[in-house]
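In the numbering used here, the protein residues as written are 4 to 293. Even for Gly, the Cβ is constructed at its ideal location relative to N, Cα and C. Every value quoted in this text rests on a predicted model; they were computed, and no experiment measured them. Structure, as structure tokens:
Encoded structure:
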């Protein structure tokens, strides 16, 4: 029997979830050997709109993406649910919809609307009591206890490290299944988080290249006491860099010949996405010829 995300997080071995933004990126992550994927709200903003992560993505757009990803992969999907897209009642609707679409965990944060990326400046927070209510509402709305609610606080950048720890305590008390204290600014802060919460609740870390938190690899995070680490926007940064080089080469040379060793050809991409297998399945449903 396949283990649930909750069971996998109980392992001593840290779970690394690559960031994805659509069914293709999720499929390739699965083929690479990922055990779970993280559907990044920032990456949806980057790829769908060519815009920053400043609250432009709607609940329905995330839900549509979850459904497309779930239709293509079997892995657990951890979803960035932003601030639940409203108050506690909106949070409950978000939980119900995302769970039906195939999410295995929802991350909820304590920012006001519109929210922004945890590694951007200028964030603001809702009150502690309102966020506690949102977490309780999320836990009450889920259909299965195997659907995890991740409590995230962005308080380090707004109120300081100490208040962030106190908010995190309240979120655990409210029923959060995993804890995510966003944007620690030193390895010492990472260690303090683990000293305070390790063994009480799974701890989540976020590695953003060029962000506010020092980059620490998964093995080092595991040794410190983290259970889960995401690399949410790395794939978009890699794809964007490749796309810039690809278009520059094409426009300069008039063909893709000089770029062929950095791209799939037609057959190669069809192999990745399973075209031959899908066509065979289709044939099995064709009617008998007269």
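Residue range of the unbroken alpha helix (DSSP H) whose run includes residue i
i: residue 1; result: Because the chain is modelled from 4 through 293, residue 1 falls outside the range shown and cannot be assessed.
i: residue 278; result: 278-287
i: residue 208; result: Counting along the chain, residue 208 falls outside any alpha helix (DSSP H), though it belongs to the beta strand (DSSP E) covering 206-209.
i: residue 112; result: Unbroken run through residue 112 is the beta strand (DSSP E), 108-112; no alpha helix (DSSP H).
i: residue 237; result: 237-256
i: residue 100; result: 91-104
Pairwise C-alpha distance: residue j and residue i
i: residue 43; j: residue 103; result: 18 Å
i: residue 23; j: residue 169; result: 31 Å
i: residue 124; j: residue 69; result: 28 Å
i: residue 94; j: residue 133; result: 12 Å
i: residue 184; j: residue 59; result: 23 Å
i: residue 211; j: residue 86; result: 20 Å
i: residue 252; j: residue 265; result: 11 Å
i: residue 173; j: residue 14; result: 25 Å
i: residue 4; j: residue 214; result: Unreliable positioning characterises residue 4 in this predicted model, as indicated by a pLDDT of 38, which lies under 50. A coordinate reading is not provided.
Exposed unless 16 or more other CB atoms sit within 10 angstroms - verdict on residue i
i: residue 126; result: buried
i: residue 286; result: exposed
i: residue 284; result: exposed
i: residue 46; result: buried
Nearest neighbour of residue i, chosen from the options [CA to CA]
i: residue 21; options: 94, 133, 232; result: 232
i: residue 146; options: 50, 209, 97, 268; result: 97
i: residue 107; options: 88, 268, 210, 73; result: 73
i: residue 179; options: 283, 149, 67; result: 149
i: residue 203; options: 268, 77, 182, 195; result: 182
i: residue 144; options: 99, 115, 109; result: 99
i: residue 82; options: 41, 25, 215; result: 41
i: residue 89; options: 117, 79, 80, 5; result: 117
i: residue 300; options: 192, 238, 80; result: Absent from the model: residue 300. The displayed extent of the chain is 4 to 293, so no value can be given.
i: residue 235; options: 10, 269, 32; result: 32
Supposed contact pair residue j and residue i - C-beta distance, whole angstroms, cut 8 Å
i: residue 171; j: residue 156; result: 6 Å
i: residue 153; j: residue 111; result: 7 Å
i: residue 12; j: residue 205; result: 5 Å
i: residue 128; j: residue 113; result: 5 Å
i: residue 221; j: residue 80; result: About 19 Å separates the two Cβ atoms, so there is no contact after all.
Residue i, enclosing beta strand (DSSP E) - first and last residue
i: residue 40; result: 40-42
Residue i CB to nearest heavy atom of the ligand SAM below 7 Å
i: residue 103; result: Ligands displayed in this structure: none; no statement on the ligand SAM is therefore possible.
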